[in-house]
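Colleague: Numbering (the numbering used here), first residue to last: 56 to 294.
Below you'll find the structure I mean.
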Amino acid sequence: MSMTPGLEHYVAVRMTERWGGTADVRVPGGNCWHCGTAIAYCVEIQSSVTGERHEIGTTCAEKLGLDIAQIKQRMAEKRAAERWHATRRQRHEAASAAPIEQPHGTVRRFLAGCYCLPCIDVALTAKSNEYAVATKSVIIDLATGQPARATIVDTRYGQSWRIDDGTWLTAHPRPKRRSTHAAKGYVEAEVPCLIRYGWRPVRGEPARYTETMLCPLASPLHDVWGTPIRRPVEHPSGS
């Protein structure tokens with residue numbers, strides 16, 4: 056008679072859900088590798104010796120000595136990721152359903168992608184737990200005097216700005232000399248920005264409470280070195 060497999064050399068990897076049945080009646084769609092019971096909430100475990108993976112139920116995982124705190128953390132990660140995806144889906148559905156003809160100063164128009172000041176103002180009031188205004192660093196294109204599309208990324212040498220046109224600039228700490236950035240056609244400045252807060256899943260790690268900058272709310276007059284930012288002069292047509 057075969058012996059029940061032991062879990063001495065296994066660690067919890069992640070949580071999964073498996074359901075079967077119909078849309079009206081759902082039944083567990085998985086089986087515990089350890090006891091054979093039908094399970095819906097599965098703990099994926101991996102052998103530290105062979106590397107093989109199996110799925111067991113949460114009850115067996117707790118009874119047989121796996122790290123309960125780790126199991127709960129994996130479940131919290133999964134649920135946080137599900138909430139994030141549900142919120143993102145709801146926001147997308149709301150935006151798709153909100154015609155852009157909605158009047159300015161409404162949440163529906165804001166969710167449809169309108170970032171005019173009246174729409175931002177009403178969103179900051181109605182959804183104060185998701186949106187806020189904060190001063191952030193941005194990259195200014197010296198050719199236009201306007202913020203450029205840029206993202207801060209981690210590199211082996213520290214953080215850098217990655218601009219959409221392929222240009223890279225040192226981020227933290229920024230150069231002591233402005234000319235280091237300006238020679239590439241860009242400078243760094245600080246402006247009030249619209250920020251969205253929320254939980255975001257991170258592959259292989261616990262979900263993080265993060266902030267996403269949606270748009271700057273002004274054009275800065277000076278860069279972080281205190282130098283005025285010049286803007287091209289637009290002449291009326293025909294002049």
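Note that CB positions come from ideal geometry on N, CA and C, so glycine has one too.
1. Taking the Cβ atom as the reference point for each residue, do Arg-233 and Val-246 lie within a distance shorter than 8 angstroms?
2. Report all residues from its chain with a CB closer than 8 angstroms to the CB of Val-104; omit the five preceding and five following residues, and keep chain order.
3. In the DSSP assignment, the beta strand (DSSP E) including Thr-210 goes from what residue to what residue?
4. In its own chain, which residues sit with a C-beta less than 8 angstroms from the C-beta of Pro-275, not counting the 5 before and 5 after it?
5. Work out the CA separation of Gln-201 and Gln-157 for me, nearest whole Å.
6. So is Leu-224 buried or exposed if we call it buried at 16+ other beta carbons inside 10 Å?
7. Between the C-alpha atoms of Ala-34 and Glu-148, what's the straight-line distance to the nearest angstrom?
8. Can you grab the Cα-Cα spacing for the pair Thr-235 / Cys-171, in whole Å?
9. Nearest to Lys-191 by alpha carbon, out of Asp-278, Asp-176, Arg-134?
10. So, at 8 angstroms on beta carbons, what are the nonlocal neighbours of Arg-204 in its own chain, with the 5 sequence-adjacent residues on each side left out?
11. Which residues in the same chain as Gln-125 place their Cβ atom closer than 7 angstroms to its Cβ, once the five residues preceding and following it in sequence are excluded?
12. What is the DSSP secondary structure of Ala-198, counted as helix, strand or coil?
13. Here's the rule I'm using: 16 or more other beta-carbon atoms within 10 Å means buried, otherwise exposed. How should Ala-198 be labelled?
14. Tell me the rounded alpha-carbon separation between Thr-210 and Arg-255.
15. Quick one: give me the first and last residue of the beta strand (DSSP E) that Pro-83 is part of.
16. Rounding to the nearest angstrom, what Cα-Cα distance links Gly-221 and Lys-239 in this structure?
17. Which value, in whole angstroms, describes the spacing of the CA atoms of Ile-94 and Arg-73?
18. Using a Cβ-Cβ cutoff of less than 8 angstroms, which residues in the same chain neighbour Ala-181 once the five nearest sequence positions on both sides are dropped?
19. Let me confirm a value: Val-98 is counted as buried when at least 16 other C-beta atoms fall within 10 Å, else exposed. Which label applies?
Modeller: Concretely, from the data shown:
1. no
2. His-64
3. 205-210
4. Val-193, Ile-195, Ala-244, Glu-245, Val-246, Ile-284
5. 28 angstroms
6. buried
7. Outside the displayed span of the chain (56 to 294) sits residue 34, for which this structure offers no information.
8. 34 angstroms
9. Asp-278
10. Ile-218, Asp-219
11. Ala-67
12. coil
13. exposed
14. 21 angstroms
15. 81-83
16. 11 angstroms
17. 7 angstroms
18. Val-162
19. buried
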